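J.: Numbering (our numbering), first residue to last: 2 to 734.
Where a beta carbon is used, it is the ideal one built from N, C-alpha and C, also for glycine.
For clarity, every value in this text was computed on a predicted model and none was experimentally measured.
Pasting the structure below:
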């Protein structure tokens with residue numbers, strides 16, 4: 002019904018109503034005939050509190066999860082990804098060890114769980130992908146869904162490259178010794194064998210990563226051509242993803258049973274094995290020793306908020322897409338708390354594993370340092386540079402411990418203070434080795450890989466580790482691809498999902514060739530830094546504002562009560578209304594300041610130095626970096642302006658095929674007399690009250706008064722009803 006019609010305004014009218022059934026369908030008001038207050042038949046049901054609109058007809062024809070377990074595993078697989086293994090442990094080490102867990106947990110409660118619950122609820126209630134959901138909530142902010150889709154595309158392009166790297170290492174692990182265990186030998190002049198200089202200056206695992214895997218160039222400006230090994234690995238990665246998502250949740254749901262659970266098996270095995278290694282306790286103790294002064298630094302809170310934000314996959318659209326395949330009475334509040342807690346526990350488990358193994362590696366490296374420097378001291382003793390009197394009597398060079406070496410080092414440094422630097426002795430302190438912070442690919446493909454070379458049966462553990470990374474990445478990629486395909490299929494239901502999935506994977510593979518050039522790792526870093534961070538934060542704060550301030554938090558709480566059967570805690574009301582928007586605003590400001598203050602650049606691998614060197618982006622690369630941010634955020638103002646000036650159709654008025662079928666079925670079953678009476682409003686008003694079921698009054702955002710209908714349908718006098726004007730902005734949902 003039109004917003005300004007006499008019926009809606011409650012004015013007397015005698016004009017004949019000429020709308021036909023087809024006209025009503027073209028208006029596409031999100032109102033189910035049988036359940037609306039407009040229906041006066043005995044089967045009428047109250048529509049109170051059904052602000053988030055699609056009808057039960059939408060239930061038919063939409064795929065659904067086979068079981069609740071399958072759905073939970075899908076959400077866990079999407080949220081638990083590579084960042085839990087190589088980002089969270091690094092942030093713990095960098096930001097105060099155990100003290101970092103305090104701000105992280107606080108922000109998980111204030112931002113993570115409420116916003117995760119919000120995305121689950123709107124997806125489950127509206128049963129659409131990200132584009133359809135936000136078109137319904139507030140059409141002028143429909144660009145939120147498009148921006149989510151854009152970010153999913155950018156992230157999926159480079160994220161699958163990391164899975165390709167893991168596939169390459171996985172197959173390289175089926176040999177003994179592991180190919181990165183020792184430096185290769187180069188034959189010079191046909192007879193002389195020398196160690197590869199680049200490897201000798203760095204390490205065997207570092208050399209294998211940068212030279213034999215990536216074959217990396219020294220700058221981003223030198224593309225170096227395609228790396229065929231990485232190109233084949235990328236093709237294999239997209240083939241796996243395509244097979245996993247080709248049938249939608251029917252195929253990806255089954256894959257999740259393995260890809261979501263297997264990483265936990267591997268992590269537990271690694272933890273048990275790691276705790277049996279020498280020095281593992283040192284690593285764990287170092288990790289969780291709290292540095293409380295770090296909690297006072299704003300940078301720690303900013304990084305904790307960012308990690309919470311990305312750990313749960315907020316804003317990507319995957320959470321909304323997965324929840325849209327649920328039944329509307331599913332307890333999404335429980336799901337939000339469960340998945341968030343599982344994600345947090347997984348991060349703690351991964352941190353224990355990483356630092357147990359790195360503690361073992363630190364002890365190995367420290368012992369190696371002691372042996373090398375002890376040989377230097379013996380040489381100085383034999384040549385007379387050092388006096389034997391400087392060596393404590395209990396020191397035995399054949400069984401030299403780290404404590405004995407440090408005591409000897411301290412004595413020599415004190416006595417030879419003036420010329421000590423010329424001796425070239427290292428302190429060999431275990432703490433220094435543990436403080437070497439590594440993250441991302443440096444942790445997975447260099448530090449952790451080097452530690453595994455010292456494991457007994459190292460190929461087995463290497464196979465397990467990289468197979469775990471493949472599954473972690475696959476779970477996240479399934480969620481990312483679902484965040485892309487679901488809104489597209491909702492908007493264009495005639496497209497076959499198989500063709501769409503295959504087409505997306507083919508296009509993504511060819512776009513991903515950018516990342517498998519010899520300089521491709523630099524572009525991975527660029528996309529990781531610029532394509533998702535700021536755009537996703539803006540997307541999520543707009544999601545929050547759309548529901549809490551435009552639609553109305555009180556109305557949303559009422560919708561949740563009708564959907565779940567109980568009213569969520571008032572805690573969520575205040576989080577959605579005030580706390581979460583404030584925190585996200587601060588996070589956006591801090592992110593912009595960080596981008597403005599920090600130099601824009603990348604760590605380039607310099608072959609001659611066999612080490613990394615920070616380089617600034619050239620102008621064209623900087624333009625590409627900022628264009629990623631602009632491209633991801635551009636749909637927001639474009640859709641807003643287009644719909645504000647009526648240049649773009651209102652997405653909230655577009656009914657799905659299943660919704661149209663359900664509504665048409667309801668209307669076609671009516672008798673002609675009832676159709677003219679109830680739809681075309683040609684019947685004579687009845688003096689008796691309509692036989693409507695009792696209902697609970699609905700409280701609008703003000704929460705003070707019931708919404709009234711002064712038209713008095715079916716009566717001659719104004720009556721108070723639960724009917725709400727579905728055309729009002731506050732009930733666009």
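Between residue 482 and residue 161, what straight-line distance do the alpha-carbon atoms span, to the nearest angstrom?
T.: Approximately 11 Å between the Cα atoms of the pair.
J.: Only counting runs of 4 or more residues, tell me where the alpha helix (DSSP H) segments fall wholly within the stretch 80 to 166, in order along the chain.
T.: 83 to 87, 89 to 95, 102 to 108, 114 to 127, 131 to 138, all fully within the stretch 80 to 166.
J.: Do you know how far the Cα of residue 105 is from the Cα of residue 555?
T.: Whole-angstrom Cα-Cα distance: 29 Å.
J.: Please state whether DSSP places residue 615 in a helix, a strand or coil.
T.: Strand.
J.: Could you check the C-alpha separation between residue 366 and residue 360 for me, to the nearest Å?
T.: Answer to the nearest angstrom: the Cα atoms are 10 Å apart.
J.: Among the residues of its own chain, which have a CB less than 6 Å from the CB of residue 71, if the five just before and after it don't count?
T.: Taken in chain order, the residues that qualify are 254.
J.: Distance check for residue 158 and residue 238, CA to CA, integer angstroms please.
T.: So the alpha carbons of these two residues sit roughly 11 Å apart.
J.: Excluding the 5 residues preceding and the 5 following residue 558 in the sequence, name in chain order all residues of the same chain whose CB lies nearer than 7 Å to its CB.
T.: The answer, listed in chain order, is 568, 569, 574.
J.: Between 387, 395, 398, which has its C-alpha nearest residue 416's C-alpha?
T.: Of 387, 395, 398, the residue nearest in Cα terms is 387.
J.: In angstroms, rounded to a whole number, what distance separates the CA positions of residue 1 and residue 629?
T.: For the chain, the structure presents residues 2 to 734; residue 1 sits outside this window and is missing.
J.: Measuring CB atoms only, is the stretch 482 to 496 touching the stretch 186 to 197, in the sense that at least three cross pairs come out at less than 8 Å?
T.: No: the two stretches stay apart, fewer than three of their Cβ pairs being nearer than 8 Å.
J.: Among the candidates 543, 603, 615, whose CA atom is the shortest distance from the CA of residue 636?
T.: Measuring from the Cα of residue 636, the nearest candidate turns out to be 543.
J.: Going by DSSP, what residues sit across from residue 604 in a beta bridge?
T.: For residue 604, which the question treats as bridged, DSSP gives the partners 615.
J.: Which two residues bound the contiguous beta strand (DSSP E) that contains residue 644?
T.: Counting along the chain, residue 644 falls outside any beta strand (DSSP E), though it belongs to the alpha helix (DSSP H) covering 636 to 645.
J.: Based on Cα-Cα distance, which residue from 215, 354, 143 lies nearest to residue 268?
T.: Comparing Cα positions, the closest option is 354.
J.: By the DSSP assignment, the beta strand (DSSP E) with residue 187 in it spans what residues?
T.: Per DSSP, residue 187 belongs to the beta strand (DSSP E) from 186 to 189.
J.: Using the DSSP secondary-structure output, state which residues sit across from residue 501 in a beta bridge.
T.: According to DSSP, residue 501 bridges with nothing at all.
J.: Three-state secondary structure (DSSP) at residue 71?
T.: Note: residue 71 maps to helix in three-state DSSP.
J.: Drop a sphere of 10 angstroms on the beta-carbon of residue 371, count the other beta-carbons inside from all chains shown, and report buried for 16 or more, exposed for fewer.
T.: Residue 371 comes out buried.
J.: What beta strand (DSSP E) runs, 3 residues minimum, are completely inside the stretch 393 to 429?
T.: Segments of the beta strand (DSSP E) lying fully in the stretch 393 to 429: there are none.
J.: If you run the structure through DSSP and keep just helix, strand and coil, what is residue 193?
T.: The answer is strand: DSSP assigns residue 193 an E or B state.
J.: Quick one: complete alpha helix (DSSP H) runs, 4+ long, within the stretch 236 to 264?
T.: Listed in chain order, the complete alpha helix (DSSP H) runs (minimum 4 residues) inside the stretch 236 to 264 are 250 to 260.
J.: Between residue 757 and residue 450, what straight-line distance do the alpha-carbon atoms span, to the nearest angstrom?
T.: The displayed coordinates of the chain run from 2 to 734. Any statement about residue 757 would go beyond what the structure contains.
J.: Quick check on residue 147: buried or exposed, where buried means 16 or more other Cβ atoms within 10 Å of its Cβ?
T.: When all chains shown are included, residue 147 counts as buried.
J.: Quick one: what's residue 518 bridged to in DSSP?
T.: In DSSP, residue 518 forms a bridge with 227.
J.: So residue 576 and residue 111 are supposed to be a Cβ contact under 8 Å. How far apart are they, rounded?
T.: Confirmed, Cβ separation roughly 7 Å.
J.: Determine the DSSP secondary structure at residue 290, reduced to helix, strand or coil.
T.: It is coil, neither helix nor strand.
J.: Quick one: any contact between the stretch 444 to 459 and the stretch 342 to 358, if contact means 3 or more CB pairs under 8 Å?
T.: The answer is yes - the stretch 342 to 358 touches the stretch 444 to 459, with three or more Cβ pairs under 8 Å.
J.: Going by beta carbon distance, what residues of the same chain come within less than 6 Å of residue 622, once the five residues before and after it are set aside?
T.: 221, listed in sequence order.
J.: Whole-angstrom Cβ separation of residue 83 and residue 470, contact assumed at under 8 Å?
T.: Their Cβ separation, rounded to whole angstroms, is 7 Å, which keeps residue 83 and residue 470 in contact under 8 Å.
J.: Starting from residue 207, follow the alpha helix (DSSP H) in both directions and report where the run begins and ends.
T.: Taken as a continuous stretch (DSSP letters only), the alpha helix (DSSP H) holding residue 207 covers 205 to 208.
J.: Quick check: what's the CA-CA separation for residue 211 versus residue 307?
T.: Each residue's alpha carbon lies about 29 Å from the other.
J.: Rounded to a whole number of angstroms, what is the C-alpha to C-alpha distance between residue 474 and residue 117?
T.: Near 20 Å, if we compare the C-alpha coordinates of residue 117 and residue 474.
J.: Report all residues from its chain with a CB closer than 6 Å to the CB of residue 328; omit the five preceding and five following residues, and keep chain order.
T.: Around residue 328: no qualifying Cβ.
J.: Where do the ends of the alpha helix (DSSP H) carrying residue 563 lie?
T.: Unbroken alpha helix (DSSP H) run through residue 563: 554 to 565.
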